[in-house]
Amino acid sequence: MDKNAHLNRVIVDFKKLTPEVLKLLVERYPDGYDDRNIISFRNAQGERIEAVEVLTEDTKYLVKISAKLEYTMENYDEDDYEDFDDDDPTAVVEPDPEDMVDGEDED
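In the working numbering, the protein residues as written are 105 to 211.
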């Protein structure tokens, strides 16, 4: 039996990403995530979802992967969120698409 079966499962889209979950992601994947970390599944509508997983004491977060998520993790600074509650989804703002273009070719 899965030892995490008792955890609440929460699927998180970038728009609902909170400072707490973003911090957990950066701590779990300090060098970013790769294909080995990605979980694929189908949601209730039958759509294929790709996500990375982070756990808290009572919740398994499945955070949908995207270019925005990757960029935000790479540029994470805890101080950016000090004026927000840990569970405030308005704290994590979408990156400017022009900023994201600069680093796309780096590997």
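The beta-carbon is built from N, C-alpha and C at its ideal position, and this holds for glycine as well.
All values derive from a computational prediction rather than experimental measurement.
Item, Value
"Terminal residues of the alpha helix (DSSP H) in which residue 172 lies", "171-178"
"Own chain partners of residue 196 with C-beta closer than 8 Å, once the 5 adjacent residues on each side are dropped", "118, 121, 122, 123, 126, 176 and 185"
"The stretch 139-157 contacting the stretch 166-175, beta-carbon criterion three pairs below 8 Å", "yes"
"For residue 212, the nearest candidate out of 160, 190, 189 and 141 (CA to CA)", "Because residue 212 is not part of the residues shown, which for the chain are 105 to 211, the question remains open."
"8 Å Cβ cutoff met for residue 136 and residue 174", "yes"
"Buried versus exposed call for residue 114 [16 or more other C-beta atoms within 10 Å across all chains shown]", "exposed"
"Straight-line gap, residue 134 to residue 128 (C-alpha atoms, nearest Å)", "10 Å"
"Opening and closing residue of the alpha helix (DSSP H) in which residue 132 lies", "123-132"
"Inter-residue CB distance, residue 172 and residue 198 (contact presumed, cutoff 8 Å)", "6 Å"
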